[in-house]
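Data block below; observations after.
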(Lines of atoms letter the chains of each structure in order from A; the text may use other names.)
(Lines give C-alpha, C1' and ligand atoms only; values in the text may rest on other atoms or scores of the structure.)
Protein backbone atom coordinates (compact mmCIF):
# COMPACT_ATOMS: atom_id res chain seq x y z
CA UNK A 14 0.00 0.00 0.00
CA UNK A 15 1.37 3.40 -0.95
CA UNK A 16 2.37 5.80 1.79
CA UNK A 17 1.87 9.55 1.54
CA UNK A 18 5.11 11.46 2.22
CA UNK A 19 5.73 15.21 2.18
CA UNK A 20 9.29 16.12 1.28
CA UNK A 21 10.95 19.48 0.90
CA UNK A 22 14.23 21.31 1.27
CA UNK A 23 13.88 24.00 3.91
CA UNK A 24 16.00 26.90 5.10
CA UNK A 25 17.02 26.84 8.75
CA UNK A 26 14.35 29.47 9.48
CA UNK A 27 11.60 27.29 8.02
CA UNK A 28 11.05 28.39 4.41
CA UNK A 29 10.80 26.12 1.35
CA UNK A 30 10.61 29.02 -1.10
CA UNK A 31 11.80 32.57 -0.82
CA UNK A 32 9.65 35.68 -1.20
CA UNK A 33 7.41 35.47 -4.26
CA UNK A 34 8.04 31.72 -4.53
CA UNK A 35 11.70 32.22 -5.48
CA UNK A 36 13.54 28.90 -5.60
CA UNK A 37 16.93 30.18 -6.74
CA UNK A 38 18.16 30.06 -3.14
CA UNK A 39 18.33 26.27 -3.48
CA UNK A 40 21.05 26.14 -6.14
CA UNK A 41 24.11 26.26 -3.81
CA UNK A 42 22.50 23.64 -1.54
CA UNK A 43 21.77 21.01 -4.16
CA UNK A 44 24.14 18.17 -4.65
CA UNK A 45 24.92 14.67 -3.51
CA UNK A 46 22.59 13.54 -0.75
CA UNK A 47 22.21 9.80 -0.01
CA UNK A 48 18.96 10.35 1.93
CA UNK A 49 17.42 12.14 -1.05
CA UNK A 50 18.63 9.40 -3.39
CA UNK A 51 16.96 6.75 -1.18
CA UNK A 52 13.72 8.74 -1.12
CA UNK A 53 13.67 9.20 -4.89
CA UNK A 54 14.05 5.44 -5.34
CA UNK A 55 10.93 4.86 -3.16
CA UNK A 56 8.65 7.31 -4.99
CA UNK A 57 5.98 5.94 -7.32
CA UNK A 58 4.04 9.15 -8.08
CA UNK A 59 3.97 12.86 -7.27
CA UNK A 60 1.02 14.92 -6.07
CA UNK A 61 1.90 18.55 -6.63
CA UNK A 62 0.18 21.81 -5.78
CA UNK A 63 -0.66 24.11 -8.68
CA UNK A 64 1.46 27.01 -7.38
CA UNK A 65 4.42 24.64 -7.10
CA UNK A 66 3.77 23.22 -10.56
CA UNK A 67 3.67 26.74 -12.02
CA UNK A 68 6.62 27.80 -9.85
CA UNK A 69 10.23 28.67 -10.19
CA UNK A 70 12.35 25.56 -10.87
CA UNK A 71 15.94 26.60 -10.09
CA UNK A 72 17.14 24.10 -12.71
CA UNK A 73 14.79 25.25 -15.48
CA UNK A 74 16.32 24.82 -18.90
CA UNK A 75 19.05 22.44 -17.70
CA UNK A 76 19.37 18.66 -17.61
CA UNK A 77 18.49 18.86 -13.89
CA UNK A 78 15.06 20.42 -14.48
CA UNK A 79 12.19 18.76 -12.66
CA UNK A 80 11.53 16.98 -9.38
CA UNK A 81 14.60 16.13 -7.32
CA UNK A 82 16.94 17.90 -9.70
CA UNK A 83 15.70 15.81 -12.61
CA UNK A 84 16.53 12.56 -10.80
CA UNK A 85 12.90 11.41 -10.71
CA UNK A 86 10.49 10.75 -13.53
CA UNK A 87 7.08 9.18 -13.44
CA UNK A 88 3.42 10.03 -12.96
CA UNK A 89 2.71 13.65 -11.95
CA UNK A 90 -0.69 14.69 -10.59
CA UNK A 91 -1.39 18.38 -10.06
CA UNK A 92 -4.08 19.38 -7.57
CA UNK A 93 -5.94 22.38 -8.97
CA UNK A 94 -9.32 23.97 -9.59
CA UNK A 95 -7.95 25.54 -12.78
CA UNK A 96 -6.60 22.92 -15.14
CA UNK A 97 -5.00 24.35 -18.27
CA UNK A 98 -6.98 24.33 -21.51
CA UNK A 99 -4.08 22.63 -23.29
CA UNK A 100 -2.96 19.23 -21.93
CA UNK A 101 0.55 19.01 -20.46
CA UNK A 102 2.36 15.79 -21.49
CA UNK A 103 2.94 13.43 -18.56
CA UNK A 104 0.80 15.47 -16.16
CA UNK A 105 -2.71 14.72 -14.91
CA UNK A 106 -4.71 17.56 -13.37
CA UNK A 107 -7.10 16.60 -10.55
CA UNK A 108 -9.79 18.69 -8.91
CA UNK A 109 -9.72 17.64 -5.28
CA UNK A 110 -7.46 15.99 -2.73
CA UNK A 111 -9.33 12.68 -2.52
CA UNK A 112 -9.33 12.29 -6.32
CA UNK A 113 -5.65 13.24 -6.50
CA UNK A 114 -4.59 10.84 -3.78
CA UNK A 115 -6.60 7.97 -5.26
CA UNK A 116 -5.11 8.53 -8.74
CA UNK A 117 -1.56 8.98 -7.41
CA UNK A 118 -1.80 5.87 -5.20
CA UNK A 119 -3.06 3.80 -8.14
CA UNK A 120 -0.19 5.05 -10.30
CA UNK A 121 2.45 4.65 -7.57
CA UNK A 122 2.28 0.85 -7.67
CA UNK A 123 2.97 0.55 -3.93
CA UNK A 124 5.70 3.21 -3.95
CA UNK A 125 5.41 6.49 -2.11
CA UNK A 126 3.09 9.24 -3.21
CA UNK A 127 5.37 12.23 -2.69
CA UNK A 128 3.66 15.51 -1.89
CA UNK A 129 5.31 18.61 -3.31
CA UNK A 130 3.85 21.90 -2.10
CA UNK A 131 3.08 23.34 1.32
CA UNK A 132 -0.64 23.80 0.73
CA UNK A 133 -1.16 20.22 -0.45
CA UNK A 134 0.81 19.01 2.59
CA UNK A 135 -1.45 21.08 4.86
CA UNK A 136 -4.53 19.56 3.21
CA UNK A 137 -3.11 16.06 3.73
CA UNK A 138 -2.53 16.76 7.43
CA UNK A 139 -6.04 18.15 7.83
CA UNK A 140 -7.46 15.06 6.08
CA UNK A 141 -5.40 12.76 8.34
CA UNK A 142 -3.71 11.01 5.40
CA UNK A 143 -0.06 12.08 5.70
CA UNK A 144 2.22 9.18 6.72
CA UNK A 145 5.72 10.72 6.71
CA UNK A 146 7.60 14.02 6.45
CA UNK A 147 11.12 14.25 5.02
CA UNK A 148 12.91 17.57 5.44
CA UNK A 149 16.30 18.49 4.02
CA UNK A 150 17.53 21.46 6.07
CA UNK A 151 19.87 23.75 4.15
CA UNK A 152 22.34 25.92 6.08
CA UNK A 153 20.79 29.27 5.15
CA UNK A 154 18.15 31.61 6.61
CA UNK A 155 15.86 33.25 4.04
CA UNK A 156 13.97 35.59 6.34
CA UNK A 157 10.68 35.20 4.47
CA UNK A 158 8.77 33.25 1.86
CA UNK A 159 6.68 30.08 1.87
CA UNK A 160 6.86 28.14 5.13
CA UNK A 161 7.39 24.38 5.21
CA UNK A 162 4.13 24.09 7.07
CA UNK A 163 1.71 26.89 7.87
CA UNK A 164 -1.57 26.16 9.59
CA UNK A 165 -2.56 29.12 11.80
CA UNK A 166 -4.88 27.96 14.55
CA UNK A 167 -4.33 24.33 13.61
CA UNK A 168 -3.87 21.49 16.07
CA UNK A 169 -0.51 20.00 17.00
CA UNK A 170 0.79 17.27 14.72
CA UNK A 171 2.94 14.74 16.56
CA UNK A 172 5.87 13.22 14.72
CA UNK A 173 8.20 10.33 15.52
CA UNK A 174 11.79 10.71 14.34
CA UNK A 175 12.78 7.86 12.04
CA UNK A 176 16.16 9.01 10.74
CA UNK A 177 18.58 11.93 10.78
CA UNK A 178 21.46 11.99 8.29
CA UNK A 179 23.97 14.58 7.16
CA UNK A 180 25.38 15.32 3.76
CA UNK A 181 27.79 18.09 2.78
CA UNK A 182 24.93 20.44 1.81
CA UNK A 183 21.96 19.55 4.05
CA UNK A 184 20.83 17.71 7.15
CA UNK A 185 18.03 15.25 6.37
CA UNK A 186 15.31 14.43 8.87
CA UNK A 187 12.66 11.78 8.32
CA UNK A 188 9.58 11.60 10.55
CA UNK A 189 6.55 9.32 10.80
CA UNK A 190 3.26 11.04 11.55
CA UNK A 191 2.14 9.68 14.92
CA UNK A 192 -1.48 8.52 15.09
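In the working numbering, the protein residues as written are 14 to 192. C-beta: ideal position from N, C-alpha, C; glycine also.
For residue i, is the classification buried or exposed, using 16 other Cβ atoms within 10 angstroms of its Cβ as the cut-off for buried?
i, result
"residue 94", "exposed"
"residue 40", "exposed"
"residue 21", "buried"
"residue 18", "buried"
"residue 168", "exposed"
"residue 99", "exposed"
"residue 140", "exposed"
Please list, in chain order, all residues of the same chain as residue i whose beta carbon is under 6 Å from its beta carbon, the five residues on each side excluded.
i, result
"residue 182", "42, 44"
"residue 177", "186"
"residue 120", "58, 88"
"residue 153", "24"
"residue 65", "129, 130"
Counting only C-beta atoms, is residue i closer than 9 Å to chain C at any point?
i, result
"residue 111", "Reference to chain C is not applicable here, since this structure consists of a single protein chain."
Cβ of residue i within 9 Å of Cβ of residue j?
i, j, result
"residue 16", "residue 159", "no"
"residue 114", "residue 88", "no"
"residue 63", "residue 92", "yes"
"residue 131", "residue 24", "no"
"residue 54", "residue 90", "no"
"residue 56", "residue 133", "no"
"residue 138", "residue 170", "yes"
Suppose the cutoff is 8 Å on Cβ atoms and the five residues either side in sequence are ignored; what does the same chain contact list for residue i look like?
i, result
"residue 172", "146, 188, 189, 190, 191"
"residue 124", "15, 55, 56, 57, 58"
"residue 46", "149, 180, 182, 183, 185"
"residue 97", "106"
"residue 104", "66, 89, 90, 91"
Considering only residues of the same chain and omitting the five flanking positions on each side of residue i, which have a CB-CB separation below 7 Å?
i, result
"residue 175", "187, 188, 189"
"residue 155", "24, 26, 28, 31, 38"
"residue 52", "20, 147"
Quiz item: Contact between the stretch 176 to 189 and the stretch 145 to 154: three or more CB pairs below 8 Å?
Solution: yes
Quiz item: For the 8 Å Cβ check, are there 3 or more pairs between the stretch 22 to 32 and the stretch 152 to 168?
Solution: yes
Exercise. Could you pull out every unbroken beta strand (DSSP E) segment of at least 3 residues lying fully inside the stretch 27 to 67, listed in chain order?
Key: 28 to 30, 56 to 62
Exercise. Only counting runs of 4 or more residues, tell me where the alpha helix (DSSP H) segments fall wholly within the stretch 116 to 177, in order along the chain.
Key: 131 to 140
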